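Contents: one structure, followed by commentary.
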Amino acid sequence: MYFANPYNANDLFPNCSGWLYSPRIVFTAGHCVYDPSEKPKKILRSASSTFVGKPGAVTSYGLPSTQVRAAKIYVYESFEWYSTTPPGTLSYKDDFAVVVLEKPLANVETAGLGTKEFLDNLISKNEFIETSGYGYQDNNRQDKPGTEPKIARFQLVSFETGMKTVAEFKQKWSRTYFQEEAAFVKLPKNGAAPCDGDSGSGYFYNVNGKFTYLGVMMGLLGSPNCGLDVWTDTAVGPFRPVYFDVDLVNLAEKYVTDNPYIAKLFTSNSSSNKTTIKCTKGKITKKVYGVNPKCPVGYAKK
Numbered sequence: 134m135y136f137a138n139p140y141n142a143n144d145l146f147p148n149c150s151g152w153l154y155s156p157r158i159v160f161t162a163g164h165c166v167y168d169p170s171e172k173p174k175k176i177l178r179s180a181s182s183t184f185v186g187k188p189g190a191v192t193s194y195g196l197p198s199t200q201v202r203a204a205k206i207y208v209y210e211s212f213e214w215y216s217t218t219p220p221g222t223l224s225y226k227d228d229f230a231v232v233v234l235e236k237p238l239a240n241v242e243t244a245g246l247g248t249k250e251f252l253d254n255l256i257s258k259n260e261f262i263e264t265s266g267y268g269y270q271d272n273n274r275q276d277k278p279g280t281e282p283k284i285a286r287f288q289l290v291s292f293e294t295g296m297k298t299v300a301e302f303k304q305k306w307s308r309t310y311f312q313e314e315a316a317f318v319k320l321p322k323n324g325a326a327p328c329d330g331d332s333g334s335g336y337f338y339n340v341n342g343k344f345t346y347l348g349v350m351m352g353l354l355g356s357p358n359c360g361l362d363v364w365t366d367t368a369v370g371p372f373r374p375v376y377f378d379v380d381l382v383n384l385a386e387k388y389v390t391d392n393p394y395i396a397k398l399f400t401s402n403s404s405s406n407k408t409t410i411k412c413t414k415g416k417i418t419k420k421v422y423g424v425n426p427k428c429p430v431g432y433a434k435k
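Residue 134 is where the sequence shown starts when you use the numbering used here, and the numbers rise one by one after that.
Dropping the structure here:
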């Protein structure tokens, strides 16, 4: 996920990760599309300033050709920021967003959405699921661009197991709120753990290339963020099951249906009709390429 510099629309900066559900629909976290500089107010970033990079694109600043602009962003009005101010919280509230793009980002098959029954079955078997993201890779907060997102596998644990860790940290950090619309994975001590920039990543189940999206990542409990904190033996990774968000997904799918992308066709003014001319100014010669090219001011056509 990228956002345009408010003072320079051609300067994009990377922010969060996302999960490509279908060619034009991306799932991410709600806090990724609200402006953090406006906290505690909830100011949604404009779709026109929101971009998504192609899968596997190298994380970079500027305006690379791999970006696709958003056309519509769906969020919950009930979204609330995570807060450490007393009484404080352990999670955001309704932290999910759907970004619809102006045109297809990639030619991918639409993923499945994990139903409650599907996820409950995985949890009952303590299955392993995956997540991936473009976040930082160490506590130095240095970008380490790569052509693929980093992927990690974690084992699902019961809701009761996860909530024991929630209760532990409510007491430890004197917090009062945690949104309990959650499922949990166990984070093995000294193992893989998400880092800043992984916000918006999705947990998913993959069987022979058939992907089922399970939900968006929530804040970790008991594991180090980029290695800054101390591990505990009860570390868990909560996520918000997508079956709570089906109505929001349906709105995005309806928008795509109602606003299909129509690729522009080449016309007589396409590259086949472009020519090159030479322009001179004293001893300086420049080439100008285009449809009906003209020399810059002060130059004469040679």
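All C-beta atoms in this analysis are idealised placements derived from N, C-alpha and C, irrespective of residue type, glycine included. This structure is a prediction, so every number in the text was calculated from the model and none was measured.
- In this structure, DSSP gives Q312 a state outside helix and strand, which the three-state scheme calls coil.
- Rounded to whole angstroms, F160 and C149 show a C-alpha spacing of 11 Å.
- Residue range G335 to V340 is occupied by the beta strand (DSSP E) that includes N339.
- For E250, there is no enclosing beta strand (DSSP E); the residue is part of the alpha helix (DSSP H) that begins and ends at K249 to S257.
- For T365, same chain residues with a beta-carbon under 7 Å away, outside a window of 5 residues either side, are G355 in chain order.
- The residue from R373, E210, L238 and G247 with its alpha-carbon nearest to that of F292 is R373.
- Judged by DSSP secondary structure, L347 falls within the beta strand (DSSP E) whose first and last residues are K343 to M350.
- Here DSSP, grouped into helix, strand and coil, assigns T298 to helix.
- DSSP lists R286 and F337 as the beta-bridge partner residues of E263.
- About 17 Å separates the beta carbon of A244 from that of F377, a gap too long to meet the 8 Å contact definition.
- Of the residues I417, Y225 and S155, the one whose Cα lies closest to the Cα of R308 is Y225.
- A direct Cα-to-Cα measurement between H164 and Y394 gives close to 28 Å.
- Boundaries of the alpha helix (DSSP H) around V389: V379 to D391.
- Burial state of V340 is exposed, judged by a 10 Å Cβ sphere holding fewer than 16 other Cβ atoms.
- In its chain, beyond the 5 residues on either side, F160, T243, A244 and Y346 have a beta carbon closer than 7 Å to the beta carbon of Y154.
- For the 9 Å CB-CB criterion, Y336 and I262 form a contact.
- In the displayed model, V430 falls within coil according to three-state DSSP, outside both helix and strand.
- Shortest Cα-Cα distance from N383 to any of M351, N323 and V232 involves V232.
- When the beta-carbon positions are compared, V369 and G247 stay at least 9 Å from each other.
- In summary, A396 is exposed, with fewer than 16 beta-carbon neighbours lying within 10 Å of its beta-carbon over all protein chains present.
- Between G268 and D331, the gap from beta carbon to beta carbon is short of 9 Å.
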